[in-house]
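Below: the structure, in structure tokens.
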């Protein structure tokens, strides 16, 4: 056990949930609060064992509402903090996700998607929360959501989520699915010194001049934490730059809410990551994410063997949506194919961005994600 | 030039947030006053103090206190504070919130924070109803009381918060009314020096919203009830700590030593790492 104290590096065979937990530790996560739920439980289990190695905190809370609330508290007390859940817990978290947005709390929320609605199919995969992550809490806001499609990416994107969350003072989400979470694969982890880690910017001015919600140049305010002498106030109410409630002031509401949205939308080009494969001459492009993108890649390769000019646009970032990338491929492609493990969610965004280019949708629910053959078949019908 | 007159306690308040939102006759100002007196008596380091509140009239108290402060969503002050306290155990984390916030929507968090013995101090201003939303029935509304949602009289049994807190494992449990300012201040001082989860209930007048529907139209009339009915029964059986028109049992009910969650946790972490070095 003694050899396990440090961050791991090198090649490992592990599950997606464990990779995600190790990625979080690597990113500097030192607080985890959660509640057991399939298929995300292994993240909590692994962190309960590993957190002490770093002097970090693991706590199992009484429910998911408490978990996200504790995460926000820990983040304000200065630690990088995370929770992990699945659909039912994710629904419970929504109100406090809004609080995290409103108080600009850096934190990471992993949602290992299973079949819903309600208790649904706890042990089976889904991609049914990808609109909920964007719109689930009330009010207007923007968040960042990433979709891993391999165990390697469960590790990589956990780090990326922390980096983005700390950079933009916004909750960042890892929208995994049951398959990438439970699947075991090879993960290659660079030495910790080679991994880019970002931490929140601290204020550079005296405490009596500090305004906790005044952005300096960028749209993101530097963040003081509890106990650092800044004596600031934060609230879920609409607030001015001092953090003081302004519940009757339209100007303050407009300025605050627009900034919360714009700090993400105006930085979208910096945030968004996609993977384009064989897009150069593609007539038919599959837009996919998560585990489904793996079948899509296989289908695209097969299509090429049959002489179909197929390509794959894999969404690594779900939100903000890769509108420009989809618009770009849509200019050239004759058709776009979107397979999802839901009844049609991201496909709406694709349709919106693709404008006149026809978009075909392939829905799957339940145990098995799309097979390459099913996606290939749809591509054939749409070329 | 004349020196500007400054109240000696103004350093504890965010003057830019004044005037406060509380009605005349409300007890929340007394709670804040006692809290500030306790801070001053103990010379608490304001840079290490975090005041957390939920939603409701008293929820604004976090913003009024000139320390780090956070105004959470409804009911979640304790869960938020659990995260903050564990992340930095050197912080003095005080939750000041209302009966509806802490015991209806937030009841589950109260129970579990007390059970775990997280070292946060919880002060509940119990005004028997939801004041901010206009006076609806809540988990502490006395039987037969009139509220905007119990126009024919309340048939729900109210919580005995003292009994609840004691049963859940709080290391310190007290109840005072806003009439008992010295004893309340003493209790707050005591919990600020104690380890573990501590709870103080402050029975507080809400004449504008609750009192006027229940034959106590002014703050003074409500305070008169507290004066007439309050009986100090220190360390009496928490299950018998009633609140009725005839009797309000006040006092300290629990004051015990119990190692806090955060101390156990950090000792455990240290042990684990020692063992691993030995191996």
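Residue numbers (the working numbering), protein chains in the order written: chain A, 36 to 418; chain B, 59 to 337.
Each residue gets a CB set at the ideal place from its N, CA and C atoms; glycine is no exception.
Backbone secondary structure at residue i - three-state DSSP
i: residue 128 of chain A; result: helix
i: residue 198 of chain A; result: helix
i: residue 76 of chain A; result: helix
i: residue 149 of chain A; result: strand
i: residue 382 of chain A; result: helix
i: residue 322 of chain B; result: helix
i: residue 115 of chain A; result: strand
i: residue 61 of chain A; result: helix
i: residue 194 of chain B; result: strand
i: residue 268 of chain B; result: coil
i: residue 238 of chain B; result: coil
i: residue 228 of chain B; result: coil
i: residue 375 of chain A; result: strand
i: residue 233 of chain B; result: strand
i: residue 279 of chain B; result: helix
i: residue 408 of chain A; result: helix
i: residue 206 of chain A; result: strand
i: residue 44 of chain B; result: There is no way to answer for residue 44 of chain B, as the model of chain B reaches only from 59 to 337.
i: residue 181 of chain B; result: strand
i: residue 95 of chain B; result: helix
i: residue 84 of chain B; result: coil
i: residue 21 of chain A; result: Since the first and last residues shown for chain A are 36 and 418, residue 21 of chain A lies out of range.
i: residue 311 of chain B; result: strand
Straight-line gap, residue i to residue j (C-alpha atoms, nearest Å)
i: residue 108 of chain B; j: residue 125 of chain B; result: 6 Å
i: residue 331 of chain A; j: residue 198 of chain A; result: 28 Å
i: residue 131 of chain B; j: residue 184 of chain B; result: 19 Å
i: residue 21 of chain A; j: residue 193 of chain A; result: What is shown of chain A runs 36 to 418, which leaves residue 21 of chain A out entirely.
i: residue 239 of chain B; j: residue 282 of chain B; result: 15 Å
i: residue 101 of chain A; j: residue 399 of chain A; result: 33 Å
i: residue 327 of chain A; j: residue 188 of chain A; result: 14 Å
i: residue 173 of chain A; j: residue 303 of chain A; result: 22 Å
i: residue 369 of chain B; j: residue 247 of chain B; result: In the structure as shown, chain B starts at 59 and stops at 337, and residue 369 of chain B therefore has no counterpart that could be examined.
i: residue 229 of chain A; j: residue 177 of chain B; result: 39 Å
i: residue 164 of chain B; j: residue 219 of chain B; result: 13 Å
i: residue 268 of chain A; j: residue 62 of chain B; result: 26 Å
i: residue 284 of chain B; j: residue 307 of chain B; result: 10 Å
i: residue 369 of chain A; j: residue 310 of chain A; result: 20 Å
i: residue 195 of chain A; j: residue 247 of chain A; result: 25 Å
i: residue 292 of chain A; j: residue 259 of chain B; result: 37 Å
i: residue 157 of chain B; j: residue 85 of chain B; result: 13 Å
i: residue 338 of chain A; j: residue 411 of chain A; result: 6 Å
i: residue 308 of chain A; j: residue 364 of chain A; result: 15 Å
i: residue 182 of chain B; j: residue 224 of chain B; result: 14 Å
i: residue 196 of chain B; j: residue 166 of chain B; result: 15 Å
i: residue 294 of chain A; j: residue 301 of chain A; result: 10 Å
i: residue 249 of chain B; j: residue 230 of chain B; result: 7 Å
Span of the beta strand (DSSP E) around residue i
i: residue 350 of chain A; result: 345 to 350
i: residue 64 of chain A; result: 64 to 69
i: residue 111 of chain A; result: Segment 99 to 111 is the alpha helix (DSSP H) holding residue 111 of chain A; no beta strand (DSSP E) there.
i: residue 260 of chain A; result: No beta strand (DSSP E) holds residue 260 of chain A; DSSP gives it neither H nor E.
i: residue 428 of chain A; result: Shown here, chain A extends from 36 to 418; a query on residue 428 of chain A therefore has no answer.
i: residue 219 of chain A; result: 219 to 224
i: residue 168 of chain B; result: No beta strand (DSSP E) holds residue 168 of chain B; the alpha helix (DSSP H) holding it covers 165 to 174.
i: residue 297 of chain A; result: Per DSSP, residue 297 of chain A belongs to no beta strand (DSSP E); it is in the alpha helix (DSSP H), 285 to 300.
i: residue 136 of chain B; result: First-last for residue 136 of chain B: 135 to 145, but that is the alpha helix (DSSP H), not the beta strand (DSSP E).
i: residue 46 of chain A; result: 45 to 50
i: residue 155 of chain B; result: 150 to 156
i: residue 64 of chain B; result: It is not in any beta strand (DSSP E) - residue 64 of chain B carries neither H nor E in the DSSP assignment.
i: residue 236 of chain A; result: Per DSSP, residue 236 of chain A belongs to no beta strand (DSSP E) and is neither H nor E.
i: residue 307 of chain A; result: No beta strand (DSSP E) contains residue 307 of chain A, which DSSP labels as neither H nor E.
Burial state of residue i, where buried means 16 or more other Cβ atoms lie within 10 Å
i: residue 170 of chain A; result: exposed
i: residue 210 of chain B; result: exposed
i: residue 378 of chain A; result: exposed
i: residue 283 of chain A; result: exposed
i: residue 219 of chain A; result: exposed
i: residue 191 of chain A; result: buried
i: residue 134 of chain A; result: buried
i: residue 240 of chain A; result: exposed
i: residue 37 of chain A; result: Low local confidence applies: a pLDDT of 41 at residue 37 of chain A is under 50, so the model's placement there is unreliable, with the coordinate-based value given in what follows. Its Cβ having fewer than 16 others within 10 Å, residue 37 of chain A is exposed.
i: residue 179 of chain B; result: buried
First and last residue of the uninterrupted alpha helix (DSSP H) at residue i
i: residue 122 of chain B; result: 119 to 122
i: residue 363 of chain A; result: 358 to 367
Any non-hydrogen atom of the ligand FMN within 6 Å of residue i CB
i: residue 102 of chain A; result: The ligand FMN is absent from the structure shown, which contains no ligands of any kind.
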